[in-house]
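Scroll down for the structure; my scribbles are underneath it.
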Amino acid sequence: MPKLQSLIDGYRRFRTGPYQEQRLRFDRLAQGQSPKVMVIACSDSRVDPSRVFDTEPGEMFVMRNIANLVPPIRAIEGQSSVAAGLEYAILVLKVHYIVVFGHARCGGIKAALSPKFGTAAPGEGLYIDRWMEMIEPARRQVLSACALSPDVDAERALEQSGIRLSLDNLRSYPFVVNAEKAGAVKLVGAIFDIADGCLKLLDSATGQFVPVTVELDG
Ligand SMILES: [Zn+2]
38 MPKLQSLIDG YRRFRTGPYQ EQRLRFDRLA QGQSPKVMVI ACSDSRVDPS
88 RVFDTEPGEM FVMRNIANLV PPIRAIEGQS SVAAGLEYAI LVLKVHYIVV
138 FGHARCGGIK AALSPKFGTA APGEGLYIDR WMEMIEPARR QVLSACALSP
188 DVDAERALEQ SGIRLSLDNL RSYPFVVNAE KAGAVKLVGA IFDIADGCLK
238 LLDSATGQFV PVTVELDG
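In my numbering, the protein residues as written are 38 to 255.
Structure follows, in structure tokens:
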């Protein structure tokens with residue numbers, strides 16, 4: 038099992054390296070967490086929010102799923118990791134920000150644009166199809182825009198629209214809206230492209246994603 042061995046090797050490096058070097062931090066974190074940022078990110082292995090935002094353990098409450106989606110409250114039945122995570126972030130942690138953190142070249146978004154499972158059975162794509170159905174309103178909008186203008190890149194457009202949709206869906210939860218209206222929490226849309234390292238933030242006034250400026254050497 039070479040893959041598992043590489044994880045065990047990594048653990049040993051962590052245990053003798055960062056864990057030793059940051060004993061004070063980990064001792065403090067052992068008493069409890071108080072992150073002020075919740076991040077809703079894609080499960081994609083290439084886009085780790087703690088790397089992109091260069092944060093340390095204890096700084097971000099992270100929830101990851103396929104395509105960084107938030108279901109609307111009307112779709113919540115029974116057990117929901119997203120709804121439970123939102124409640125925990127707002128009611129217990131009292132986070133100041135909820136960041137919907139999307140990314141370019143998202144496999145979930147690509148799959149939503151060209152659904153290939155159809156009437157798949159469980160274990161053959163049914164659950165991916167059901168999850169990505171959530172993005173259908175945004176998909177319809179993007180496909181209409183593409184029909185009007187062939188220059189529109191459907192994948193890039195849907196990656197951004199999916200973030201806008203998740204922000205809208207966040208506002209379907211009364212306790213999120215109440216916290217936002219009280220000024221206790223701010224909702225943020227962000228998208229990262231691993232190809233060029235560019236992070237863009239959603240400008241709520243214009244509805245456009247704007248690159249974060251960075252001073253780069255050379
Ligand atoms: Zn993704």
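Even glycine gets a Cβ: it sits at the ideal position worked out from N, Cα and C.
Check: From Asn206 to Glu252, what does the alpha carbon distance come to, in whole angstroms?
Finding: The alpha-carbon atoms of Asn206 and Glu252 are separated by roughly 35 Å.
Notebook entry, point to check: Smallest Cα separation from Ser241: which of Thr250, Asp254, Ala227, Cys235?
Noted result: Among Thr250, Asp254, Ala227, Cys235, the Cα nearest to that of Ser241 is on Ala227.
Next item on the list: Report yes if the CB atom of Leu204 is closer than 8 Å to the CB atom of Leu180, and no otherwise.
Entry: Cβ atoms of Leu204 and Leu180: not closer than 8 Å.
Checklist line | Cβ-heavy atom distance, Ala104 to ligand 3, below 7 Å | finding: As presented, the structure is devoid of ligand 3, carrying ligand 1 as its sole ligands.
Checklist line | Nearest-angstrom Cα separation, counted from Phe138 out to Pro86 | finding: Between Pro86 and Phe138, the C-alpha separation is close to 8 Å.
Next item on the list: Report yes if the C-beta of Cys183 is less than 7 Å from at least one heavy atom of ligand 1; otherwise report no.
Entry: Incorrect: Cys183 has no Cβ contact closer than 7 Å to ligand 1.
Margin query: Alpha carbons only, please: which of Cys235, Pro211, Gly244 is nearest the one belonging to Ile127?
Written below: Ranking the options by Cα distance to Ile127, first place goes to Pro211.
Check: Based on Cα-Cα distance, which residue from Ala120, Val89, Ser198 lies nearest to Phe229?
Finding: Proximity to Phe229 across Ala120, Val89, Ser198 peaks at Val89, based on C-alpha coordinates.
Check: Comparing alpha-carbon positions, which option in Glu196, Ala232, Val119, Ile135 lies nearest Phe246?
Finding: It is Glu196 whose Cα lies nearest to the Cα of Phe246.
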